[in-house]
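Be aware that the sequence shown starts at 23, since it is given in the working numbering, and climbs by one per residue.
Just so you know, even glycine gets a beta-carbon here, dropped at the ideal spot from N, CA and C.
These numbers were taken from a predicted model, which means no experiment stands behind them.
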Amino acid sequence: MLIDDYEIELETPACDLESPIYAAKVRLKADVSDVLPYVNATVDKAEFIPGIPVLVWREEGHRYALRSNEIAISTLDDRRHAEKVTRSIVDRINAIWEDRENMKPSYDSWEKPKVLDILRQLPGTNCRECGVPTCMAFAAKLAEGKQYLEDCPFINEEERADKLASLQDMGL
Ligand code: SF4
C-alpha cells in the first residue's frame, strides 16, 4: 500500500465565520511523487508540474493539490467531512498505485485560465471580503491556485449561477 498513514490539519478560513468552509492539509508519511502521473491520467483538467512535483485538479466541489508528501483539499464542512473526503482520495490513490502496471502515465498539463477571463466572471465590486483589495487581485490568486472560488461570498448567489459555471468550467 502506498499511503498507509497520514495526519489531517484543518485550516480555518477567514472569510465567513458564521458558516465556515474549511480546507485540509493531509500530511503523508510516504513520498507519493511516483503516483502523480498515474493520478493525472484519471482526472480532467489537471495542472501537472512534474518539476515540483504537484498535480492540481477540481472534482465534485473540491480542489485537490497532490504533492510528494501532502494532499491539500478545499471546501470541507468540518473535521468529519475532511476525514471522509481524505479517506476516499487516499483509497483511490492507493488503488491507482496498485493498478499502475495496467495504466499509461500522463505528463500532460491543463493550461491555466487567463486572469482577465476569470475577472469577467467575478462580481467586480472590489468589496475586499475575500481578503484581497480587488476582484482583479482575487482573479490573479485564483489563477495561481492560491485562493478558492469559495473565498468570494458572492459567487454562489443564484443570479450568478452562469458565471459560477463558467469559472468551474475553467477548472477553478
Ligand atoms: S469578495 Fe468577491 S466581489 Fe469582493 S473583492 Fe473579492 S472577488 Fe471581488
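I want to check one thing, is the minimum distance from the CB of residue i to the heavy atoms of the ligand SF4 below 6 Å?
i      : result
Thr145 : Sequence inspection shows Pro at residue 145; the Thr mentioned does not correspond to that position. Because some heavy atom of the ligand SF4 lies under 6 Å away, the Cβ of Pro145 counts as near it: yes.
Phe70  : no
Glu151 : yes
Asn148 : yes
So, with DSSP's three-state summary, where would you put residue i?
i      : result
Ile177 : coil
Leu93  : With the sequence shown as reference, residue 93 is identified as Ile, and Leu is not the correct amino acid for it. Looking at Ile93 - three-state DSSP - the assignment turns out to be strand.
Glu133 : coil
Gln190 : helix
Asp149 : The question names Asp, yet the displayed sequence has Cys at residue 149. Of the three classes helix, strand and coil, the one that applies to Cys149 here is coil, per DSSP.
Asp121 : coil
Leu144 : coil
Lys185 : helix
Met23  : coil
Lys163 : helix
*Do the segment 88-101 and the segment 52-66 touch if we need at least three Cβ pairs shorter than 8 Å?*
yes
*Could you tell me whether the segment 116-131 touches the segment 57-66, using the rule of 3 or more Cβ pairs below 8 Å?*
yes
*Sufficient close CB pairs (3 or more, under 8 Å) joining the segment 126-134 to the segment 103-110*: no
*With a floor of 3 residues, list each beta strand (DSSP E) that falls wholly inside the segment 25-111, ordered by position along the chain.*
28-33, 44-50, 69-71, 76-81, 84-89 and 92-98
*asked:* I'd like to know if the segment 140-151 and the segment 160-167 are in contact, where contact means that at least 3 CB-CB pairs between them fall below 8 Å.
replied: yes
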